[in-house]
Amino acid sequence: MTDTIARLKDAAGLKGWSDDPAEIAPHLKEWRGKYQGESALLLKPDSTEAVSKILAICNETRTAIVPQGGNTGLVGGQIPFDNEIILSLSRMNRIRMVDASGMNMIAEAGATLAAVQNAAAKSDRLFPLSIASEGSATIGGNVSTNAGGVHVLHYGNTRDLVLGVEAVLADGRVLDMLRTLRKDNTGYDLKQLFIGAEGTLGIVTAVALKLFPQPAERVTALIAVRDPQSAIDLLSRLQTATGGAMSAFELMPRLGLEFVLAHIPQTADPLSKPSPWYVLAEASGGANGHLEEAMESALSSSDLITDAVIAKSEAQRTALWKLREAMSEAQKPEGGSIKHDVSVPIKDIPAFLKDGIAAVEKLVPGVRPVPFGHLGDGNIHFNFTVPKNGDNAAFLARWNEIQDAVHDIVNRYHGSISAEHGLGIMKVHEIERYKSAAELDVMRTLKRTLDPNNILNPGKVVAI
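The sequence shown begins at 2 in this note's numbering and counts up one residue at a time.
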């Protein structure tokens, strides 16, 4: 093993590795504190060639390795649990190319999502993927987890934004598929194997991404509604009124908003009285200047809402979005939180929320439900906070019991137990309860074929 470590350090190059426990420590802990890993070596290559050499050595010596981007994952997929080597792509952070006329760009995996967005903006283009952790999350991690975010309604998941990938296979071979073509019908779409695979089939080192025109108009509103069904009906009306220009439609409960107002500085309730539910809606589009008029008209004539405010400046828009984006952070001061990242058909969301909340309240009387998220694409962050003055440890100890109850209801509604966070280690065995034997067999076949020695992020996504 000592010889292998020396070879890996050499392959990573100058400044490309660390065995300093202090430097490694931040890479071992997931930000929620649910997972703590162990590793004695951190590799930090700065080129695809170096990644290729590293994986060839790992495959030859059967040395397990865990790829890591910005360490913002929420299911433990980026954590080394059995003293595996960590492969950080943080130094591979270059924007290789922006083609404004062709509406595409190529970025290395370690570039942060914010850096990718900014590079596009400098060329008057938009890269629409947007998540709360975009300042530290990397584009390689986004691709490897098929991140969703708040604009899936209009632009799709990360999978829909990728034109090509560069990936290194377990044996060190490099697949250069950085094509920027919109049409390429030459057989299997191999890039899709690596999108959402969480580094278990190969290491994504660079990506070719779709860009879009910067929206000339953006209209953002916080809307009070009586119930989730009213929100769903409102989405349909707003889509019609804006000609399909809705780019975000986020559901929030009053309790979640109260947590934000109590714990997040410089936040305020922009409406005059409380409502049981809210929607943060945003439309964006071209230069006809009619979106705000269309939104105002649709809202003023709607019997589905009880109140609304439309942002009249970028500062007001930012303030409204802060209420939504801070909802996860605001739950921390309230105590333990058991979280679920699920999706169900949009039409079934009201019934799912009713059944899911009732099931958990039966298990834990006094539990505080905070379901929020991307109503426009059916993805709900179905979270529960410990009862007021409750025992955090005792509550969190029931995570699996509560998770099983929720996931069984999700399955009943033909939904998914992981809408955008991935499977990681958290759900690697949980998924076996819901996927068919045929699906699992194909997943295992892919894993064994592309990574026969099981060196790439072992124990994540699919058990073999």
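For every residue, glycine included, the Cβ atom is placed at its ideal position computed from N, Cα and C.
From this set, the options, which residue's C-alpha is nearest residue i's C-alpha?
i, options, result
"I477", "Y414, T64, A284 and V407", "Nothing can be reported for residue 477, as the shown portion of the chain is limited to 2 through 465."
"D342", "V368, D356 and P372", "P372"
"T206", "E421, D177 and T181", "D177"
"L170", "E326, G377 and I66", "I66"
"K461", "E31, T159, N143 and P81", "P81"
"E109", "G136, I196, H382 and N94", "N94"
"A217", "P275, G287, K184 and L162", "G287"
"A101", "S89, R92, G111 and A120", "A120"
"Q37", "L44, P27, K45 and R97", "P27"
"C59", "I204, H430, L114 and K333", "I204"
"E402", "G374, K363, G367 and D378", "K363"
"S237", "E259, S276, G78 and A282", "A282"
"K313", "R219, Q332 and N458", "R219"
"G136", "G111, G357 and D125", "G111"
"T307", "E326, A327 and Y279", "Y279"
"D11", "L43, P22, E24 and A23", "L43"
"A23", "A41, H408 and G34", "A41"
"D349", "S417, L305, R399 and S301", "S417"
"R92", "I432, D409, Q69 and T187", "Q69"
"E431", "E39, V368, S301 and A406", "A406"
"G141", "H152, V151 and E167", "E167"
"E433", "I465, R33, P459 and I410", "I465"
"L262", "V361, S248 and A327", "A327"
Since residue i is in the alpha helix (DSSP H), which residue starts that stretch and which ends it?
i, result
"F128", "Where F128 is concerned, there is no enclosing alpha helix (DSSP H), given that its DSSP letter is neither H nor E."
"K363", "I350 to L364"
"I456", "Per DSSP, I456 belongs to no alpha helix (DSSP H) and is neither H nor E."
"N412", "W400 to R413"
"P229", "P229 to A242"
"I86", "Per DSSP, I86 belongs to no alpha helix (DSSP H); it is in the beta strand (DSSP E), I86 to S89."
"L300", "L292 to S301"
"E50", "T49 to T62"
"L170", "Element bounds for L170: n/a, residue is neither H nor E."
"S344", "Unbroken run through S344 is the beta strand (DSSP E), D342 to S344; no alpha helix (DSSP H)."
"M328", "M328 to Q332"
"V153", "V153 to Y156"
"L9", "T3 to A13"
"L202", "From DSSP, L202 is part of no alpha helix (DSSP H); its letter is neither H nor E."
"L194", "K192 to F195"
"A395", "N393 to L397"
Taking DSSP's pairing of strands, which residues face residue i in a bridge?
i, result
"G286", "E218"
"L223", "L281 and V310"
"G374", "L252 and I381"
"F213", "L127"
"T113", "T139"
"D177", "E167"
"W466", "Since the first residue shown for the chain is 2 and the last is 465, residue 466 is missing from the structure and cannot be characterised."
"N105", "D100 and K211"
"I80", "DSSP output for I80 lists no bridge partner at all."
"T386", "S338 and R369"
What are the boundary residues of the beta strand (DSSP E) that residue i is part of?
i, result
"I96", "I96 to D100"
"Q69", "I66 to Q69"
Measuring straight from C-alpha to C-alpha, what distance separates residue i and residue j?
i, j, result
"S344", "G257", "19 Å"
"A116", "A122", "10 Å"
"E330", "L154", "23 Å"
"V365", "L354", "16 Å"
"L29", "N84", "10 Å"
"F128", "Q193", "19 Å"
"D392", "T64", "41 Å"
"L114", "N143", "8 Å"
"H291", "L239", "13 Å"
"G337", "D270", "25 Å"
"A133", "I358", "25 Å"
"I381", "G374", "5 Å"
"A309", "L179", "45 Å"
"V463", "M427", "11 Å"
"T243", "S285", "9 Å"
"A96", "M106", "Per the sequence shown, the amino acid found at residue 96 is Ile instead of Ala. Distance between the alpha carbons of I96 and M106: 8 Å."
"G188", "L162", "20 Å"
"A246", "F213", "14 Å"
"D452", "E61", "12 Å"
"A57", "I87", "15 Å"
"P370", "I339", "10 Å"
"V151", "R8", "43 Å"
Does the beta carbon of residue i fall short of 7 Å from some heavy atom of the ligand NAD?
i, result
"T49", "This structure does not include the ligand NAD; it has no bound ligands of any sort."
Between the region 312-322 and the region 387-394, can you find at least three pairs of beta-carbon atoms closer than 8 Å?
no
Take every Cβ of the region 220-240, pair it with every Cβ of the region 165-175, and state whether three or more of those distances are shorter than 8 Å.
no
Counting beta carbon pairs with one atom in the region 189-206 and one in the region 249-268, are three or more of them shorter than 8 Å?
no
The region 414-428 touching the region 73-87, judged by at least three CB pairs closer than 8 Å
Yes, they touch.
Do three or more CB pairs link the region 228-237 to the region 288-297 at distances below 8 Å?
Counting Cβ pairs under 8 Å, fewer than three are found: no touch.
Quick test of the definition: if touching needs 3 or more C-beta pairs under 8 Å, does the region 45-52 touch the region 12-27?
In short, these stretches touch, since the Cβ pair count reaches three.
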